[in-house]
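Heads up, the sequence shown is in our numbering, so the first residue is 3 and it goes up one at a time. Note that beta-carbon positions come from the ideal geometry of N, C-alpha and C, so glycine has one too. Model, not experiment: these values are computed from the prediction. Remarks on the structure that follows.
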Amino acid sequence: MEKIDNLDKRILEIISNNARIPFKDVAAECGVSRAAIHQRVQRLIDMGVIVGSGYHVNPASLGYNTCTYIGITLERGSMYDRVCEEFAKIQEIVECHFTTGPYTMLVKLYARDNAHLMELLNNKIQEIPGVIATETLISLKQSLKKEVPIGGIRKETAPKIDNI
């Protein structure tokens, strides 16, 4: 993998905070040309550093008012892939992780309300062969959501890079 330098990190920091920011604004903030930003972003995509972009939809605006994390215990860890395939069919499940600790898996889902959550648990999740136990944690409020740290480059300390 090619090396990521401080300019790449600064670009990543800026666009991860606002994916809709025009490249001309990124270029101005970094002190380089718009073409340099375009080339750098394309290189980061080609390298697999940037793996997606898009809009974040507020689940509550679509009637999904209950955010829930569910710890799932499987009969055997080797059943993970098959169970994960079944979870992919449940549209309310938005994340699935193979974990260490007390659970085999951790999923995040959005339900319309507690009754909908109970239906998902009782009639879908717990009916999947291999699922032997679930523990449900309802999120009362999301207080923080951010991307992975880019590498310590902060706006006030980011170097201006010329001639790139």
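Buried or exposed (CB count within 10 angstroms, at least 16 for buried), residue i
{"i": "V53", "result": "exposed"}
{"i": "E97", "result": "exposed"}
{"i": "I47", "result": "exposed"}
Residue j beta carbon less than 8 Å from that of residue i
{"i": "I13", "j": "I39", "result": "yes"}
{"i": "E77", "j": "I134", "result": "yes"}
{"i": "T101", "j": "L111", "result": "no"}
{"i": "T68", "j": "L146", "result": "no"}
{"i": "Y105", "j": "T75", "result": "yes"}
Reduced DSSP secondary structure (H/G/I, E/B, other) of residue i
{"i": "H99", "result": "strand"}
{"i": "G132", "result": "coil"}
{"i": "D164", "result": "Here D164 scores only 44 on pLDDT, less than 50, and its place in the model should not be relied on; the value that follows carries that caveat. Three-state DSSP puts D164 in coil, outside helix and strand."}
{"i": "L119", "result": "helix"}
{"i": "I127", "result": "helix"}
{"i": "L139", "result": "strand"}
{"i": "V28", "result": "helix"}
{"i": "S55", "result": "coil"}
{"i": "P61", "result": "helix"}
{"i": "G79", "result": "helix"}
Residue i at chain B interface by Cβ criterion, 8 Å
{"i": "I6", "result": "In the structure shown, chain B does not exist; there is a single protein chain."}
Start and end residues, alpha helix (DSSP H) containing residue i
{"i": "A37", "result": "36–48"}
{"i": "Y82", "result": "82–90"}
{"i": "I17", "result": "8–19"}
Pairwise C-alpha distance: residue j and residue i
{"i": "D10", "j": "S55", "result": "17 Å"}
{"i": "P61", "j": "K91", "result": "18 Å"}
{"i": "I130", "j": "E137", "result": "15 Å"}
{"i": "A29", "j": "R42", "result": "11 Å"}
{"i": "G79", "j": "M49", "result": "32 Å"}
{"i": "I140", "j": "Y66", "result": "13 Å"}
{"i": "G103", "j": "G73", "result": "10 Å"}
{"i": "K5", "j": "K126", "result": "45 Å"}
Residue range of the beta strand (DSSP E) that includes residue i
{"i": "K110", "result": "107–113"}
{"i": "I74", "result": "68–76"}
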